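Report on the structure given below.
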Amino acid sequence: MAEISAAINQIDVKKQNLNQSFIHLQSQSPSTFNLPLNWADIDTYFTTIHSSLHSKFNLLHTFFPHARPELKTFCQNSDALGLMHFIALASDRSSILSELPDAYGYAPDAAAMVLDAMVAFYTPSWKEVDLFLFRIGCLIMLEGLVRVKPKNVTIELKDKAMEMAMQWNRKRVFGPGNVKALGFVLLVGAYGLIDHFSIDDVCDCFLIFATYSNAIDLCRRIVPADNINYMIQKRIDKDMNVSAVKFSIELNKTDEFPPVGLLEQLKLRSMRVMEEKRANASCFYVWKAVTMEQISTLKSIIECVDAYHLDSEYLKDSVIELVNKLENELNGLLSKQSPRVGVLQRQQLLSKPKKPKLDKVQPTAESAVVMPVLARPELKSFCENSDGSGLMRFISLASRSDQRLILSELPDAYQCTPDAPAMVLDAMVAFYNYSCRDTELLSFRSGCMIMLEGLLHLKPDITIGLKNKAMEMAVQWNQKRVFCPCEQKALGFVLLVGAYGLIDQFSIDDIADCFLIVATDRHTTDLCRRIILPNNINHMIQKLIDEDMIVTAVKFSIELQKTVEFPPVVLLEELKLRSMRVMEKKRRNVKYLDVWNSITMEEIGTLRSIIDCVEENHLEAEYPKDSVIELVNNLENEMENGNHVKRLLGKEPPRETLLRLQLLSESKKPKQNKFKPIDVSAATMHVQSVKLIQESHSQKPDLSPDHVGQCYNSPHVFGPNGFSAQFACPIVKLDGSTRADVVYNFYAPQLQPFSDSNSNGWISD
34 MAEISAAINQ IDVKKQNLNQ SFIHLQSQSP STFNLPLNWA DIDTYFTTIH SSLHSKFNLL
94 HTFFPHARPE LKTFCQNSDA LGLMHFIALA SDRSSILSEL PDAYGYAPDA AAMVLDAMVA
154 FYTPSWKEVD LFLFRIGCLI MLEGLVRVKP KNVTIELKDK AMEMAMQWNR KRVFGPGNVK
214 ALGFVLLVGA YGLIDHFSID DVCDCFLIFA TYSNAIDLCR RIVPADNINY MIQKRIDKDM
274 NVSAVKFSIE LNKTDEFPPV GLLEQLKLRS MRVMEEKRAN ASCFYVWKAV TMEQISTLKS
334 IIECVDAYHL DSEYLKDSVI ELVNKLENEL NGLLSKQSPR VGVLQRQQLL SKPKKPKLDK
394 VQPTAESAVV MPVLARPELK SFCENSDGSG LMRFISLASR SDQRLILSEL PDAYQCTPDA
454 PAMVLDAMVA FYNYSCRDTE LLSFRSGCMI MLEGLLHLKP DITIGLKNKA MEMAVQWNQK
514 RVFCPCEQKA LGFVLLVGAY GLIDQFSIDD IADCFLIVAT DRHTTDLCRR IILPNNINHM
574 IQKLIDEDMI VTAVKFSIEL QKTVEFPPVV LLEELKLRSM RVMEKKRRNV KYLDVWNSIT
634 MEEIGTLRSI IDCVEENHLE AEYPKDSVIE LVNNLENEME NGNHVKRLLG KEPPRETLLR
694 LQLLSESKKP KQNKFKPIDV SAATMHVQSV KLIQESHSQK PDLSPDHVGQ CYNSPHVFGP
754 NGFSAQFACP IVKLDGSTRA DVVYNFYAPQ LQPFSDSNSN GWISD
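When we follow the numbering used here, the leftmost residue of the sequence shown carries the number 34, and every step to the right adds one.
Below, the structure is given as structure tokens:
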């Protein structure tokens, strides 16, 4: 940018020198010779060019904004690793990429600084998640250097970069992947090493990261102009016509590769291939998968026409008509399948003898193992054609019980495919396919996990290249699992690393965290037996204990034969004592009955899980469950006796509590007059003085006295909280033998026996 600015500033000086040269030329030319131009025309022409260059230079400033202070500091100090860490952990990496060209101007030697940071691209000592982030940081640093195009690269530095590029190319070939291929291309492009490698190697890398948003810009900057045609032709040979059209338009190669011809060729060839596949389809699901794939291809043609405004050259109406036709065929067959591929297949499935629901079977080591059986024809057809996507969709559309049957048939079906691991890995792109609806995504993930579990049971031989590809996918899945944990993501990650033998590439803590999430699944112990290394099983069980998942830890210790290190009886007794201690501590500070009941119910659930564990694993001889059952009964009785809990909580009104205690004590002891006898006249005068009881000698039996209704209707009785305590009055029997209170809207009956005048036990007035 500084060089361009300096050159623009020299335009006026150069124009003055040109003016002097023009005047000198006019003075030296003969008078009979007239120049066709005068200086005014020349000056106007150069002024126009000057203003155009100045406006374009200002526009260029928007593409290379000023760098933020952090980037400048890293570059001034030549802190390559610090810059790489900063970029890797940043959230706005695209903005940093646009600022790097300006930041590199502050570095004494930007090319050497960037090359020093590239040692982090292949550092096996780091965790997979950290390595992935650091590689992203390295890629952004290299792409920023490609945009700068440094000219002061010494021969020694270029030789060092060449040695590193050769190592990266070998690792890329042995373990292909988008990140590795992109890193190799950026490295050879940043240090001008493109001529030292064959064009086939570079083209192969561009094919791998063809969906990268900056692929066309990198091709323009890195690939020599005479090799661009070969690059586009290679895309056509790989049936990537839409990508070839984008490259031909963006790189001005439409004369050699007409977009209209490429799109029409793609349409005709894809339709022909679709008809061949549908003619050989063995079931409706294969037919459906082929049709949906063709619809996707035709829609990509329509999107390409719209993106590059090719409507005038290529009429997309015919393509839209084909899409509508295929969708109508698909919808028609979904609503009413033909007997050849739909009804007969459904009848065959329904005619099979019903098997017991697998979800009801008790989880034992024997029942968890899926015994392989002969595969049905549909599964064999998918595998023979290496149609992993169709197989995944077929499994996802099956019922839950039928999926377990399919799982037992998959090992036999995988024998029919040339490369089962590659087919399964290709289908795993649907696990994070957010373009579909949520319900479809859940069913697709279920199909992917069934395929991975079937591959885990098969234990096939996997090539190094495929294992590296699976490793990259596993790193991405692990990142997404950490950022948004859920049972499906955790189980999918565990099955992926187990099926492709990548368990030793990840830390045992990551694997254990996943097993903690899916610990309640009945197949977890079988997966642990198949996936976890024997020397890590103790760590797994200990992690369950640390997370207070004692019952699950007992299940693991028994089924994985680790009872010596983790005795079940000790674990269950420890769980019982600790849970009771925690319950008592929680209930000590409780003020509300609902909270008390919730804590008690939680403890009852824990104790019942201990009883279930003892019964399922036949531990009655070692751990008598009678004490636990007795505790459960005591807690349930406490919950049923709510009055006892209320007294413990101290939440009843004081006068009512005293009355209840008095009544309870009187029911246990002989009845005695605790109060001084009162004669009839004194009692009558006392009642009349309070004005809460009126005489009602004419009152019918079995009815409450009149003063009760009077209390309800009195405007002085109700306070902000119901009956006011100051209006509670003593009610005395005529013989003065007992007493009751009217308190807080509560009328207490007397405890004297029924009589002719007092048939219902109310105190008569």
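Cβ coordinates follow ideal geometry from the N, Cα and C atoms, glycine included.
Quick caveat, the model's predicted, so the values are computed rather than measured.
Among residues of its own chain, excluding the 5 on either side of A431, which ones have a beta-carbon nearer than 7 Å to its beta-carbon?
-> The residue labelled residue 431 in the question sits at position 398 within the sequence shown. Closer than 7 Å at the Cβ level, and outside the excluded window around A431, lie I439.
Please list the segments of the alpha helix (DSSP H) lying wholly inside the region 221-281, counting only runs of 4 or more residues, in order along the chain.
-> 232-241, 248-255, 261-270
Output yes or no for whether 8 Å exceeds the beta carbon distance between F217 and C236.
-> Sequence index remark: in the sequence shown, residue 217 carries index 184 (1-based). Sequence index remark: in the sequence shown, residue 236 carries index 203 (1-based). Not closer than 8 Å, so no.
Could you spell out the range, first to last residue, of the alpha helix (DSSP H) harbouring M146?
-> Along the sequence shown, one-based indexing puts residue 146 at 113. That run of the alpha helix (DSSP H) goes 143-150.
Just the C-alpha distance for E505 and L220, rounded to the nearest angstrom, thanks.
-> Within the sequence shown, the letter at position 472 stands for residue 505. Within the sequence shown, the letter at position 187 stands for residue 220. Whole-angstrom Cα-Cα distance: 20 Å.
V402 burial status per 10 Å Cβ neighbour count (16 or more: buried) = On the sequence shown, position 369 is the one that residue 402 refers to. Interpretation of V402 is limited by its pLDDT of 42, a score under 50 that renders its predicted location unreliable; no figure is taken from the coordinates.
Determine, using beta-carbon pairs with one atom in the region 590-597 and one in the region 623-639, whether at least three such pairs fall under 8 Å.
-> With a cut-off of 8 Å, the region 623-639 and the region 590-597 do not count as touching, because too few Cβ pairs lie within range.
Other residues of its chain near M307: CB distance less than 8 Å, five sequence neighbours each side excluded | The residue you call residue 307 lines up with position 274 of the sequence shown. V323, T324, E326, Q327.
May I have a chain-ordered list of the alpha helix (DSSP H) segments no shorter than 4 residues that lie completely inside the region 580-649?
-> 583-592, 601-621, 626-649
Continuous alpha helix (DSSP H) stretch holding M461: start and end = In the sequence shown, residue 461 corresponds to position 428, counting from 1. First-last for M461: undefined, no H or E at that position.
Residue span of the alpha helix (DSSP H) that contains Q43, given as start and end = Here the question's residue 43 lines up with position 10 in the sequence shown. Counting along the chain, Q43 falls outside any alpha helix (DSSP H), and DSSP gives it neither H nor E.
What three-state label does DSSP hand Q538 in the structure shown?
-> As a working mapping, residue 538 is identified with position 505 in the sequence shown. Residue state, collapsed to three classes: helix.
Could you tell me the distance, in whole angstroms, from the CA atom of I232 to the CA atom of I261?
-> Numbered from 1 along the sequence shown, position 199 holds the residue referred to as residue 232. Numbered from 1 along the sequence shown, position 228 holds the residue referred to as residue 261. Approximately 10 Å between the Cα atoms of the pair.
Is V179 near R101, with beta carbons less than 8 Å apart?
-> Counting from one through the sequence shown, the residue named residue 179 turns up at place 146. Counting from one through the sequence shown, the residue named residue 101 turns up at place 68. Taking 8 Å as the Cβ cut-off, V179 and R101 do not qualify as a contacting pair.
Can you tell me the Cβ-Cβ gap for I495 and Y533, rounded? I've got them flagged as a contact below 8 Å.
-> Within the sequence shown, residue 495 is the residue found at index 462, counting from 1. Within the sequence shown, residue 533 is the residue found at index 500, counting from 1. Contact flag correct, Cβ pair sits at about 6 Å.
Could you check the C-alpha separation between K332 and N361 for me, to the nearest Å?
-> Start at 1 with the first residue of the sequence shown, and residue 332 comes out as number 299. Start at 1 with the first residue of the sequence shown, and residue 361 comes out as number 328. Each residue's alpha carbon lies about 15 Å from the other.
Does F464 have its Cβ less than 8 Å from a Cβ in chain C?
-> The structure shown has no chain C; it contains just one protein chain.
Could you check where the alpha helix (DSSP H) with H118 kicks off and where it finishes?
-> As a first step, residue 118 is located in the sequence shown; it is residue number 85 there, counting from the start. From DSSP, the alpha helix (DSSP H) with H118 extends over 113-122.
Residues near A248 by beta carbon distance below 7 Å, same chain, minus five either side = The residue you call residue 248 lines up with position 215 of the sequence shown. Within the same chain, A248 has close Cβ partners F239, F242.
Coil, strand or helix - S345 by DSSP = Locating residue 345 in the sequence shown gives position 312, counting from the first residue. Note: S345 maps to coil in three-state DSSP.
Would DSSP call S476 helix, strand or coil?
-> Locating residue 476 in the sequence shown gives position 443, counting from the first residue. When DSSP states are grouped into helix, strand and coil, S476 belongs to the helix group.
Touch check for the region 125-143 and the region 102-117: three-plus C-beta pairs under 8 Å?
-> yes
Of the residues L190, D192, M151, the one placed nearest L172, counting alpha carbons only = Your numbering for residue 172 matches position 139 in the sequence shown. Residue M151 is the option with its Cα nearest to L172.
Three-state secondary structure (DSSP) at H490?
-> Counted from its first residue, the sequence shown places residue 490 at position 457. Of the three classes helix, strand and coil, the one that applies to H490 here is helix, per DSSP.
With C-beta atoms as the reference, is S457 less than 8 Å away from L485?
-> Start at 1 with the first residue of the sequence shown, and residue 457 comes out as number 424. Start at 1 with the first residue of the sequence shown, and residue 485 comes out as number 452. It should be pointed out that residue 457 corresponds to Val in this sequence rather than to Ser. Yes, the pair counts as a contact, with Cβ atoms nearer than the cut-off.
Assigned secondary structure, I82 (DSSP; H/G/I helix, E/B strand, else coil) | The residue labelled residue 82 in the question sits at position 49 within the sequence shown. Reduced to three states, the DSSP call for I82 is helix.
Limits of the alpha helix (DSSP H) - the one that N32 falls within = No answer is possible for residue 32: the residues shown for the chain start at 34 and end at 798.
Of all the options L226, S476, F230, I644, which has the alpha carbon lying nearest to the alpha carbon of Q436?
-> Residue numbering aside, residue 436 sits at position 403 when the sequence shown is read from its first letter. Looking at the Cα atoms, S476 is the closest of the given residues.
Would you call the region 465-476 and the region 416-423 touching, i.e. three or more CB-CB distances under 8 Å?
-> Because the criterion of three Cβ pairs below 8 Å is not met, the region 465-476 and the region 416-423 do not touch.
Length of the line joining the Cα atoms of E442 and I428 = Stepping through the sequence shown from its first residue, residue 442 is reached at position 409. Stepping through the sequence shown from its first residue, residue 428 is reached at position 395. Pairing E442 with I428, the inter-Cα distance amounts to about 12 Å.
Neighbourhood of L577 by C-beta, 6 Å cutoff - its chain only, sequence neighbours within 5 removed = In the sequence shown, residue 577 corresponds to position 544, counting from 1. So the qualifying residues of the chain are T585, A586.
Same chain, Cβ closer than 8 Å to M718, neighbours up to 5 away in sequence not counted | Counting from 1 along the sequence shown, the entry for residue 718 is found at position 685. With a pLDDT of 49 at M718, under the threshold of 50, the modelled position of that residue is not reliable, and the figure given next carries that caveat. Excluding positions up to five away in sequence, the list is empty.
Note down, in chain order, each residue of its chain lying with its Cβ closer than 7 Å to the Cβ of N50, except the 5 sequence neighbours on either side.
-> Residue mapping note: residue 50 aligns to position 17 of the sequence shown, counting from 1. For N50, where only same-chain residues beyond five positions count, there are no Cβ hits under 7 Å.
Can you find at least 3 beta carbon pairs, one from the region 550-568 and one from the region 605-621, that sit closer than 8 Å?
-> no
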